[in-house]
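Once you know that position 7 of the sequence shown is 7 in the UniProt record's numbering, the rest is easy, because the numbers rise by one and skip nothing.
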Amino acid sequence: RMLQWRAVLQWGRGGTIQSWNTPNPNIDPYDSLSPRSCGGALCGHTDSVWGVVYSSAHHRLLSCSADGTVRLWNAADTSPSLALGVPTSVDLVSSEPAHMVTSFTTGHIGLFNMETQQLVLKLDSAGPPGKLIHSMVAHLDSVTCLAVDPNGLYLMSGSHDCSIRLWNMESKTCIQEFTAHRKKFEESIHDVAFHPTKCYIGSAGADALAKVFV
1 RMLQWRAVLQ WGRGGTIQSW NTPNPNIDPY DSLSPRSCGG ALCGHTDSVW
51 GVVYSSAHHR LLSCSADGTV RLWNAADTSP SLALGVPTSV DLVSSEPAHM
101 VTSFTTGHIG LFNMETQQLV LKLDSAGPPG KLIHSMVAHL DSVTCLAVDP
151 NGLYLMSGSH DCSIRLWNME SKTCIQEFTA HRKKFEESIH DVAFHPTKCY
201 IGSAGADALA KVFV
């Protein structure tokens, strides 16, 4: 399909939208295809792309797919930068609600502003090694999970020793300990979490229970 920004789009079952730069009309149509004719690919859909429309006023592409999503693309950037690699996991930053953190196959970690969609910070695996500032024996068995409260004052740890412990980040001392789950197949607590706004904490265990504590 011909678009006003001098490109042809091709899409189909692969889930990729491919753009091609329209050639100069004075070029012999039987000449070999120049590598510059390929304008780039828009990768994001996981199933067949059914339709694409272009907004000349905003230079945006809108696509719909069998994967159940509608995606908005920047037509001026048909080759998204993969300098950080392919993302492997993503999480929200509890202490900074406007930010998300993503890990990549290259070993990089990126911190993004979700409102501006800009990379705020990049951590390189090949950079200077981190410095250990404190170490302690926290539990009698494997430590399986950690969580920091939204204010950054307390650290919560869970373990297969069936206990949850609350630590003061400044003094690095345990200020509370309690038994939360029973053991099952030599495992106990799998995850812990702080409520983002209220004085609640939650835990999930191998005993098939999820608990909330005040």
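Even for Gly, the Cβ is constructed at its ideal location relative to N, Cα and C.
Span separating the alpha-carbon of residue i from that of residue j
i: Lys211; j: Trp73; result: 42 angstroms
i: Ser65; j: Arg71; result: 9 angstroms
i: Met156; j: Met114; result: 27 angstroms
i: Leu123; j: Asn26; result: 49 angstroms
i: residue 293; j: Leu119; result: For residue 293 there is no data in the structure shown, the boundaries of the chain being 1 and 214.
i: Ile17; j: Gly44; result: 9 angstroms
i: Met2; j: Asp67; result: Legend: pLDDT at Met2 = 36, less than 50; position of this residue unreliable, no value from coordinates given.
i: Ala138; j: Pro196; result: 24 angstroms
i: His134; j: Leu153; result: 16 angstroms
Beta-carbon proximity list for residue i, same chain, < 6 angstroms, skipping 5 on both sides
i: Arg182; result: Asp207
i: Glu186; result: none
i: Gly202; result: Ala193, Val212
i: Leu92; result: Met100
Own chain partners of residue i with C-beta closer than 7 angstroms, once the 5 adjacent residues on each side are dropped
i: Arg121; result: For the record, residue 121 in the displayed sequence is Leu; it is not Arg. Once the five neighbours on either side are set aside, the close Cβ partners of Leu121 are Leu111.
i: Asp149; result: Phe194
i: His190; result: Thr144, Cys145, Ala204, Gly205, Ala206
i: Asp141; result: Ser159, His160, Asp161
One or two residues paired with residue i in a DSSP bridge
i: Phe194; result: Ile201
DSSP three-state assignment for residue i, whether helix, strand or coil
i: Leu140; result: coil
i: Glu170; result: coil
i: Leu146; result: strand
i: Ser188; result: coil
i: Cys162; result: coil
i: Thr116; result: coil
i: Glu177; result: strand
i: Asn74; result: strand
i: Leu61; result: strand
Enclosing beta strand (DSSP E) for residue i [first to last residue]
i: His99; result: 99-104
i: Lys183; result: Run containing Lys183: none; DSSP gives neither H nor E here.
i: Val212; result: 210-213
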